[in-house]
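J.:
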Amino acid sequence: MLLMDTKTSEKLRSKHVRTLELLQKTLDENVDLRDQIGRLQKGTLHLGQGVPQSPSNRATELEDEIDRLKAEQRATTLALEEAARVRHAEFTLAVETLQKKTLRLQNEVVTLETALGQVQGKLSAEKAHWRDERAQFTEKNRRLRGELDALRDPTAESNCNQQQSEHELQRLREELVAITDSEREARGLIRDAQDRATRLQSAFDTQQQQINAQQTQIDTLQQQLASANENEAAHTRELSVLREQQRDLRSQLAQLQREASQQPESNALQQQQHASVLAQLLHVEAANEQLRSDNHTLQEQVARLHAQLHEAATRSNNAQQQHCGSSVFAVHVELKRENFQLRTQIEELKQLQKRFLLTAAKKTTMRFPAL
Numbered sequence: 001m002l003l004m005d006t007k008t009s010e011k012l013r014s015k016h017v018r019t020l021e022l023l024q025k026t027l028d029e030n031v032d033l034r035d036q037i038g039r040l041q042k043g044t045l046h047l048g049q050g051v052p053q054s055p056s057n058r059a060t061e062l063e064d065e066i067d068r069l070k071a072e073q074r075a076t077t078l079a080l081e082e083a084a085r086v087r088h089a090e091f092t093l094a095v096e097t098l099q100k101k102t103l104r105l106q107n108e109v110v111t112l113e114t115a116l117g118q119v120q121g122k123l124s125a126e127k128a129h130w131r132d133e134r135a136q137f138t139e140k141n142r143r144l145r146g147e148l149d150a151l152r153d154p155t156a157e158s159n160c161n162q163q164q165s166e167h168e169l170q171r172l173r174e175e176l177v178a179i180t181d182s183e184r185e186a187r188g189l190i191r192d193a194q195d196r197a198t199r200l201q202s203a204f205d206t207q208q209q210q211i212n213a214q215q216t217q218i219d220t221l222q223q224q225l226a227s228a229n230e231n232e233a234a235h236t237r238e239l240s241v242l243r244e245q246q247r248d249l250r251s252q253l254a255q256l257q258r259e260a261s262q263q264p265e266s267n268a269l270q271q272q273q274h275a276s277v278l279a280q281l282l283h284v285e286a287a288n289e290q291l292r293s294d295n296h297t298l299q300e301q302v303a304r305l306h307a308q309l310h311e312a313a314t315r316s317n318n319a320q321q322q323h324c325g326s327s328v329f330a331v332h333v334e335l336k337r338e339n340f341q342l343r344t345q346i347e348e349l350k351q352l353q354k355r356f357l358l359t360a361a362k363k364t365t366m367r368f369p370a371l
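If you count the sequence shown from 1, position 117 lands on 117 in the working numbering, and the numbers rise without skipping.
Below, the structure written as structure tokens:
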């Protein structure tokens, strides 16, 4: 997509530069023709007033004036071309920057999806492991309670043994309460880990929505660029037609100049022909004015596109900064820390269970009274 958009931008820039060159060349020719007609009209008036002028002098003056105007128009054309190149370079740079940032954001989203899948898989494995160990603890506690119930015998041998048995039973009950509290705390930690995973999924969904919005904006800008290309193609065709018309007018003007140099006495016919050529030139100038207006509109549209692309690039950069602020790596490290704490607590529960079983095994020979 980046290569295609770069080619589209280059084509748009080259077409726009060629359009400006053709337009400026047409304006140069119009100015030359208008100046020549004005000078011919002045020469006709001088002939009607009885003050003859040498055709060679008029031709020399016309050539000097044409050279001067061409030099001025050439300088103006170079300035316009340079400004157009600068605008298109800025526009192309903005498009490439936005595309690079969008691609980098998509890569980060893929990384986020991978990290989220790994965290969810590890969390599921930890939950399954915790359930298995909980089931084992429950079974051991059930067996232990059965052994305690079996140890309760109404035929106690002495009051001393009875008191010791009561103390031992109280201690075992306290250990069972501690195991239950640890189990409850482990459940709370599991719930906290699940909440963190839910928040991570929500952040991922928000980031995906921002990427979709960026892609929609890029598609809209590409459609606008295609429309601008079509407008420039239409302007190029109009310029070709105007150049044909101006070539015809230039031929007619040359014909009038030759006739004026050969027949200086036919003032009325020359004025009529000058009027016809002037009318056609006015028509061409009106068409050129409309073309300049269309070109100005196109330039404004390109400027708006440039502003929109700059704004989109700014939003993409802000989204990237926010995404970097809430890094997936930090969440992953936090989950790893919580999993380590859970494993530590489970190991402590195992050690406590072992001590509990050893104590119960030592007391299997005791006689307990019925409670």
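Where a beta carbon is used, it is the ideal one built from N, C-alpha and C, also for glycine.
Keep in mind that this is a model prediction, so the values were computed, not measured.
(1) Measure the Cβ-Cβ separation of Leu249 and Gln36 and say whether it is below 7 angstroms.
(2) Whose C-alpha, out of Leu62, Arg104, Leu103, is nearest the C-alpha of Gly38?
(3) If you check the beta carbons only, do Ala84 and Val17 fall under 7 angstroms apart?
(4) Please classify His88 as buried or exposed, where buried requires at least 16 neighbouring CB atoms within 10 angstroms.
(5) Can you check which of these residues, Thr220, Gln170, Glu113, Arg184, is closest to Arg134 by C-alpha distance?
(6) Contact check, Arg243 vs Thr26 under 8 angstroms by CB: the rounded distance?
(7) Would the region 194-203 and the region 118-138 be scored as touching if the rule is three or more Cβ pairs under 8 angstroms?
(8) Suppose you measure from the CA of Asp28 to the CA of Ala71; what does that come to, to the nearest Å?
(9) Enumerate in chain order the residues of its own chain whose CB-to-CB distance from Glu259 is below 6 angstroms, with the five nearest sequence positions on each side excluded.
(10) Leaving out five residues on either side along the sequence, give the residues of the same chain with a beta carbon under 7 angstroms from the beta carbon of Arg13.
(11) Taking just the CA atoms, how far does Thr180 sit from Asn107?
(12) Taking C-beta to C-beta, are Leu103 and Phe204 nearer than 7 angstroms?
(13) For Thr77, I'd like the list of residues in its chain whose CB is within less than 6 angstroms of its CB, leaving aside the five on either flank, ordered along the chain.
T.: Taking the coordinates as given:
(1) Mapped onto the sequence shown, residue 249 falls at position 249. Mapped onto the sequence shown, residue 36 falls at position 36. No. Outside cutoff.
(2) Taking the sequence shown and counting its residues from 1, the one referred to as residue 38 is at position 38. Nearest option by C-alpha distance: Leu62.
(3) Your numbering for residue 84 matches position 84 in the sequence shown. Your numbering for residue 17 matches position 17 in the sequence shown. Taking 7 angstroms as the Cβ cut-off, Ala84 and Val17 qualify as a contacting pair.
(4) The sequence position of residue 88 within the sequence shown is 88, counting from 1. It counts as buried.
(5) Locating residue 134 in the sequence shown gives position 134, where the first residue counts as 1. Measuring from the Cα of Arg134, the nearest candidate turns out to be Arg184.
(6) Within the sequence shown, residue 243 is the residue found at index 243, counting from 1. Within the sequence shown, residue 26 is the residue found at index 26, counting from 1. That belief holds up - the Cβ atoms of Arg243 and Thr26 are roughly 6 angstroms apart, short of 8 angstroms.
(7) yes
(8) Walking along the sequence shown from the start, residue 28 turns up at place 28. Walking along the sequence shown from the start, residue 71 turns up at place 71. Their backbone Cα atoms lie some 10 angstroms apart in a straight line.
(9) Taking the first residue of the sequence shown as 1, we reach residue 259 at position 259. Excluding positions up to five away in sequence, the list is empty.
(10) Within the sequence shown, residue 13 is the residue found at index 13, counting from 1. For Arg13, where only same-chain residues beyond five positions count, the Cβ hits under 7 angstroms are His88, Thr92.
(11) Here residue 107 corresponds to residue number 107 of the sequence shown, with the count starting at 1. Here residue 180 corresponds to residue number 180 of the sequence shown, with the count starting at 1. Asn107 and Thr180: Cα-Cα distance of roughly 46 angstroms.
(12) If you number the sequence shown from 1, residue 103 lands on position 103. If you number the sequence shown from 1, residue 204 lands on position 204. Contact flag unset, no.
(13) Counted from its first residue, the sequence shown places residue 77 at position 77. Answer for Thr77: Gln24, listed in chain order.
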